[in-house]
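Scroll down for the structure; my scribbles are underneath it.
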Amino acid sequence: MQDISFFKDIADNPEAYARKWKDETRGRIIGHFCSYTPIEIVIAAGALPFRVLSLRADSSRADAHLQSYCCNVVRSALHDALSGRLDFLDGAVFPHTCDSIQRLSDIWRINNLQRFHADVILPVKLNSDSAREYLVEVLARFRNDLERGLGVEITADKLREAIDICNRNRKSLGKLYRTMQNHPKRLRASELYQINRAAMVMDGRRLADKLDELVSRLESVDDDDDFSGKRIILSGGVCHVPDISRIIEKLGAAVVWDDFCTGARYFQGFIDEKAEPIEAIARRYFDRIVCPAKHASLSSRGDYLVEAVKYTRAHGIVFVLQKFCDPHAFDYPYLRERLVEIGIPSILIEIESQQAGSGQLETRIEAFLEIL
Amino acid sequence: MDLFGTEKDPERVKRAIKCDQRMREIMAAYYLEAKAPKAQHGKKIAWITSGGPVEPLIMMDIIPVYPENYGAMIGASKMGGDLCEKAEAMGYARDLCAYARSDIASSRVNGGPIGGLPEPDMLICCNNICGTVMKWYEVQARYYDVPLFILDTPMCHTEYTPEMHRYMSRQIAEYVDFLERVSGKPADLERALQVGRLSLKAQRLWQEILDTNLHRPAPMTCFDAFFHMALIVTLRGSEIVVEYYQELLAELKERVAAGIAMVPNETYRLLWDNIPVWYRMRWLSDRFAAHGAALVADTYTSGWVSSMQYVNEDDPVGSLAESYARIFLNTGTDSMAENIVSMAKRYHADGLVIHSNRSCKPYSLGQYDIQRIVERKAAIPSIILEADMVDDRAFSESQIATRIDAFIEMLKERFAG
Ligand code: SF4
Ligand code: SF4
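Chains as they are written, first to last, in this note's numbering: chain E, 183 to 554; chain G, 3 to 419.
Structure follows, in structure tokens:
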């Protein structure tokens with residue numbers, strides 16, 4: 183167990199952090215929705231990229247715009263915007279991923295929820311030369327949009343600086359993941375969850391220092407926690423149900439990896455610091471494991487999960503899927519099948535809103551751990 | 003394909019469109035060829051999404067097969083609920099598009115109408131309609147172990163940018179390369195131009211067919227258009243579509259001249275938004291007709307001509323690139339609303355019927371905003387019907403009947419007042 187109260191405070195109330203940051207710096211804040219947001223460019227524009235990720239179960243304000251069969255990630259983001267919780271945002275950027283986010287962007291724009299609005303229409307295919315060339319042009323357009331929208335100049339130097347910060351943070355998060363994997367008692371997934379959540383809204387420079395501090399603190403710990411319990415991987419979209427890893431831990435098992443866009447997918451992939459910045463940012467999207475709304479190959483996500491199981495010596499997988507999330511729901515049967523082939527059991531937990539009934543959840547996870 | 007069943011009611015027989023029969027024959031012959039043993043026709047089969055460029059397939063003599071058209075058949079033959087359930091048993095969530103679910107299930111169990119689709123030699127997926135098709139085609143590409151080509155059409159929320167155009171144009175070339183490689187034949191440019199011309203001609207005819215409904219009373223309703231659209235979707239670019247649509251157009255013009263209406267005593271003219279409820283077409287059509295309400299136009303069947311304006315006959319590749327990227331579903335919610343607003347004016351519509359289709363998120367999310375925009379700009383009222391295009395478990399007849407009746411009641415008062 184570590185003292186991560188600094189991160190936890192931010193994770194518990196990211197909006198308060200953003201407001202405070204704004205008061206102190208007079209800087210601008212750009213909301214975004216996805217790990218495909220080129221936050222490096224936002225940082226280079228001098229703004230704070232703020233990942234909108236509601237933790238509230240209530241999304242009733244979205245009812246006037248979105249049907250009930252829209253995922254809660256999208257519904258609660260809109261709810262927050264409409265109810266003024268995101269009033270500190272100066273703009274929002276929507277990378278193109280799934281159909282629901284695509285329409286959220288339209289609704290956001292039509293209802294003038296922010297002055298600055300940008301769509302970053304990334305290619306869906308991340309495996310061809312033409313897509314790579316297109317992606318570079320899309321990112322260049324985003325850079326221009328931001329320059330015009332915020333009235334700033336985004337120089338190559340600023341881009342390099344932002345890349346440097348992001349790389350540093352990603353490297354540190356990678357180290358934390360490794361710690362969690364090798365010493366699950368030293369750093370727990372439920373703690374790392376709080377750190378990730380804070381990282382997605384924090385000022386990059388400040389984050390870099392804080393992460394460095396934590397990493398060195400962890401390195402100096404010299405416990406010999408040979409963990410002998412069951413090792414679990416979480417897989418899915420955005421997980422904002424910290425309960426799941428907490429329950430797993432409570433039951434004596436440990437989460438040793440995740441395949442979440444609010445988790446490992448967020449920090450994976452480095453940006454070449456020597457290459458032309460925009461091209462280097464583009465390249466990372468090609469190198470990184472894809473989210474299911476993108477296509478790299480027919481088997482890339484399956485291969486990745488199997489690889490992760492082997493690497494982390496996991497005993498089982500807990501799929502955590504948002505209800506109404508199409509991209510993930512389409513991949514699920516295939517991923518499960520790949521796990522069956524290597525004899526790894528899995529369980530599916532479907533989350534409708536953030537209020538997952540904990541009692542029932544615990545019973546199911548307990549039963550699952552027993553068969554491992 | 004038999005969407006309505008064979009007609010027996012004499013009053014309906016009188017009003018029915020006569021060339022329906024020919025259409026059934028064409029579709030039957032098309033599926034017969036596609037389903038015949040390979041040795042017989044010697045052609046490759048490509049499964050393709052409804053918004054995908056079919057012209058290059060026709061040019062290469064590859065038989066295009068449309069799982070979405072098949073999905074409509076599954077829905078119309080009321081096999082949707084059952085097949086969707088099978089997909090759910092395989093692990094596919096109930097919230098996924100029912101075209102995808104029922105197609106995936108039918109290929110595993112060889113079930114569904116006409117005993118399933120012929121197996122593909124390749125898959126062509128164009129994501130200009132949704133992100134779902136990419137996931138769905140990935141599933142099928144793994145299952146059939148055949149090559150998959152993804153034509154990645156960037157979403158045009160507010161604009162079609164030069165970089166999108168370059169990306170699209172390059173991909174059209176990649177598409178043709180892919181087809182040459184998979185079919186082992188070179189592309190024939192002469193043929194391509196000819197196919198392009200035929201496709202455009204078919205689209206113009208289709209537009210003219212839809213436009214016969216500008217006339218009051220309307221010679222057909224969107225329920226007829228849903229049926230007749232199968233050709234513009236599946237075979238545009240081939241001669242037979244042009245021939246058939248000429249015939250249909252002639253008949254519709256005759257109906258207009260003779261004053262034959264599809265809905266007796268046409269009183270209200272309505273628009274339809276979204277994909278039809280395939281398993282309840284007849285019921286819906288009757289329900290509206292009983293009130294003298296004719297659904298004179300819809301956003302779905304006109305979708306196949308929505309980007310005709312971007313075609314430049316001197317630039318075939320550029321035209322293909324632009325017109326496939328700019329179909330209505332690949333544009334912003336506001337431009338989808340504008341489309342309805344102008345449709346309301348053109349067809350002198352009195353109201354809008356919105357099908358909120360659980361299956362199709364890109365088409366349905368945003369409809370509440372569309373509703374407000376249309377009510378404001380076109381000054382017509384609207385209703386929302388919650389249903390699903392194929393999965394009949396999502397249909398509540400009594401609830402929908404009540405809503406329709408109340409809506410017409412409201413129109414009546416408006417008219418009186
Ligand atoms: S949870 Fe799924 S459907 Fe919802 S925004 Fe994320 S990817 Fe899209
Ligand atoms: S119905 Fe909608 S989600 Fe399904 S394939 Fe068609 S466009 Fe895509």
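Ideal Cβ placement from N, Cα and C applies to all residues, glycine included.
The model shown is predicted, which means the values in this text are computed figures rather than measured ones.
Contact annotation for C252/E against chain G: K363, L367 [CB-CB distance below 8 Å, chain order].
Taking 8 Å as the CB threshold, K347/G stays off the interface with chain E. In the pairwise beta carbon analysis, the segment 291-310 of chain G is classified as touching the segment 265-277 of chain G: at least three pairs are separated by under 8 Å.
Sorting V320/E, R257/E, A200/E by C-alpha distance to the C-alpha of R243/E places R257/E at the top. Of all residues in the segment 79-98 of chain G, only M92, G93, Y94, A95, D97, L98 place a beta-carbon less than 7 Å from a beta-carbon of chain E.
At least 8 Å separates the beta-carbon of I375/G from that of D407/G. Counted as a single uninterrupted DSSP element, the beta strand (DSSP E) harbouring G353/G occupies residues 353-359. K46/G carries a coil assignment under DSSP once its states are collapsed to helix, strand and coil. Counting of Cβ neighbours within 10 angstroms places H247/E among the buried residues, the total reaching 16 or more. With the criterion set as a beta carbon lying under 8 Å from some beta carbon of chain G, the members of the segment 459-476 of chain E are P474, A475, in sequence order.
The beta-carbon distance between G368/G and R285/E, rounded to whole angstroms, is 5 Å. This is short enough to meet the 8 Å contact definition. Taking 8 Å as the Cβ-Cβ cut-off, the segment 127-148 of chain G approaches chain E at N129, C132, G133, T134, M136, K137, W138, E140, V141, A143, R144, given in chain order. Y101/G has its CB nearer than 7 Å to a heavy atom of ligand 2. Beta-bridge annotation (DSSP): W280/G is not paired with any residue. For Y493/E, there are no C-beta contacts with chain G under 9 Å, since the nearest C-beta of that chain is about 24 Å from it. Taken from the Cβ of I533/E, every heavy atom of ligand 1 lies 7 Å or farther away.
Excluding five sequence positions before and after L341/E, the CB atoms of its chain that fall closer than 6 Å to its own CB belong to A226, P459, given in chain order.
In the pairwise beta carbon analysis, the segment 384-392 of chain G is classified as touching the segment 273-292 of chain G: at least three pairs are separated by under 8 Å. Remark: fewer than three beta-carbon pairs, one from each stretch, lie closer than 8 Å, so the segment 328-342 of chain E and the segment 431-444 of chain E are not flagged as touching.
For the C-beta of M157/G, the chain E residues within less than 7 Å are, from N- to C-terminus, H278, Q284, I303. Chain-order list of chain G residues neighbouring I292/E: T335, D336, D371, by C-beta distance under 7 Å.
If you draw a straight line from the Cα of D391/E to the Cα of Y251/E, it comes to about 42 Å. Exclusion of the five residues before and after W138/G leaves A102 as the residues of its chain whose Cβ lies within less than 6 Å of its Cβ. Annotation for I283/E indicates a beta carbon within 7 Å of some heavy atom of ligand 1. Every beta strand (DSSP E) of 3 residues or more that sits fully in the segment 250-323 of chain G is shown, in chain order, as 270-275, 295-300.
When C-beta atoms of the segment 380-398 of chain E are compared with those of the segment 191-205 of chain E, three or more pairs fall below 8 Å, so the two segments count as touching. The three-state secondary structure of T163/G, taken from DSSP, is coil. Spatial neighbours of Y302/G in its own chain (CB-CB distance under 6 Å, excluding positions within 5 residues in sequence) are listed in chain order as I277. Scanning its chain for C-beta atoms nearer than 8 Å, with the 5 sequence neighbours on each side dropped, one finds around Y177/G the residues P55, P58, I126, F151, L153, in chain order. For F501/E, the uninterrupted beta strand (DSSP E) run begins and ends at 498-504, by DSSP. Around the beta carbon of I524/E, a 10 Å sphere encloses fewer than 16 other beta carbons of the protein chains shown; the residue is thus reported as exposed. Legend: CB atoms of the segment 479-492 of chain E lying less than 7 Å from CB atoms of chain G belong to residues L480.
In this structure the segment 213-227 of chain E lies against the segment 274-285 of chain E, because at least three pairs of beta carbons, one per stretch, are closer than 8 Å. C99/G and M391/G have their C-alpha atoms roughly 9 Å apart. Residue burial is scored here from C-beta neighbours: V343/G has at least 16 other C-beta atoms within 10 angstroms and is therefore classed as buried. From the beta-carbon of S312/E, the residues of chain G found nearer than 7 Å are Y169, R172, Q173, E176.
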